[in-house]
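Asks:
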Amino acid sequence: MKIGLIVGHSRLGDQGAYSSGEYILSEWDFNRDLVRRVATPLRGVVDFVIYDQVPVKTYTAAVKYLANKLDEDGIDAAVELHFNSASPKASGHEWLYWHTSRKGAKLAYLLRDEMEESYPDLPSRGAKPRAEKQRGSGMLRGVRPPIVIGEPFFGSNPDEWRMINNNRGKLAGVYARAIKKYAEG
Numbered sequence: 242m243k244i245g246l247i248v249g250h251s252r253l254g255d256q257g258a259y260s261s262g263e264y265i266l267s268e269w270d271f272n273r274d275l276v277r278r279v280a281t282p283l284r285g286v287v288d289f290v291i292y293d294q295v296p297v298k299t300y301t302a303a304v305k306y307l308a309n310k311l312d313e314d315g316i317d318a319a320v321e322l323h324f325n326s327a328s329p330k331a332s333g334h335e336w337l338y339w340h341t342s343r344k345g346a347k348l349a350y351l352l353r354d355e356m357e358e359s360y361p362d363l364p365s366r367g368a369k370p371r372a373e374k375q376r377g378s379g380m381l382r383g384v385r386p387p388i389v390i391g392e393p394f395f396g397s398n399p400d401e402w403r404m405i406n407n408n409r410g411k412l413a414g415v416y417a418r419a420i421k422k423y424a425e426g
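Numbering (the working numbering) for the sequence shown: 242 to 426.
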């Protein structure tokens, strides 16, 4: 099984949201570092490809580009790394998948379960099915393999950001363990 590890907001001119607090970082910069930390324990265990540069400007073009690349590379499932942003008090993690994708749901629930085990005090917003016109639906339905959009914390919440940023390896372990379990069937 071959897994795609996609850094969200990798298209031209898109940095995504920004964290808040004492060390401000873009969503893209944070997840570009995190994806390499996720990859380290997967090497030699799970076949994967990292996607962190999408040479187009629009969301629609990015979905089309990634759909083609994932097919070209023979990707069986994918995870797109993000973080949420809202008010400074918003909190928790959520894992988005296309509502008719059983394999996407399986991967989303594995990620949710690993996150709940590793961060029991962080509110679980759950594994959430998405349908047309809902946030993330373009990517979730626009690519062939099952895909999950990971939103493991709110970068806009200074306490959550500090907790995650001060131990990025812990979050990388969440992704790596869930992906390994998914790949093993």
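Think of the CB as a built atom: it goes at the ideal place given N, C-alpha and C, for glycine as much as any other residue.
For Asp314, which residues of its own chain have a beta-carbon under 8 Å away from its beta-carbon, when the five flanking residues on both sides are left out?
Replies: Lys243, Gly245 and Val290
Asks: Can you tell me where the alpha helix (DSSP H) with Ser260 in it begins and where it stops?
Replies: Counting along the chain, no alpha helix (DSSP H) covers Ser260, and no H or E run does either.
Asks: Relative to the alpha-carbon of Pro399, which residue among Ile265, Glu355 and Val297 has its alpha-carbon at the smallest distance?
Replies: Ile265
Asks: Roughly how many angstroms separate the alpha carbons of Glu357 and Pro364, rounded to a whole number?
Replies: Approximately 8 Å between the Cα atoms of the pair.
Asks: Apply the 10 Å Cβ neighbour rule to Pro361 and answer buried if 16 or more other Cβ atoms are within range, or exposed otherwise.
Replies: exposed
Asks: Count the CB pairs spanning the stretch 335-351 and the stretch 298-310 that are closer than 8 Å, and state whether there are at least three.
Replies: no
Asks: When you compare only the Cα positions, how much space is there between Pro329 and Ser251?
Replies: 25 Å
Asks: Indicate whether Ile420 and Val297 have their beta-carbon atoms separated by less than 8 Å.
Replies: no
Asks: Looking only at C-alpha atoms, which of Leu381, Arg418, Trp402 and Glu401 sits nearest to Ala303?
Replies: Leu381
Asks: Within its chain, find whatever has a CB closer than 6 Å to the CB of Gly383; leave out the 5 residues flanking it on each side and keep chain order.
Replies: Val304 and Ala308
Asks: Would you mind reading off the limits of the beta strand (DSSP E) that contains Ile405?
Replies: For Ile405, no beta strand (DSSP E) segment is defined; the enclosing uninterrupted segment is the alpha helix (DSSP H) at Pro399 to Asn406.
Asks: For the stretch 257-335, which segments carrying the alpha helix (DSSP H) assignment without a break, of at least 4 residues, lie completely within its bounds, in sequence order?
Replies: DSSP runs (the alpha helix (DSSP H)) wholly in the stretch 257-335: 268-283 and 300-313.
Asks: Between which residues of its own chain and Ala258 is the CB-CB distance below 6 Å, once the five residues before and five after are set aside?
Replies: Glu268, Ser326 and Gly396
Asks: Spatial neighbours of Phe271 within its chain, please: CB distance less than 6 Å, with the 5 preceding and 5 following residues excluded, ordered by chain position.
Replies: none
Asks: Taking only three categories from DSSP, how would you classify Ser359?
Replies: Ser359: helix per DSSP, three-state reduction.
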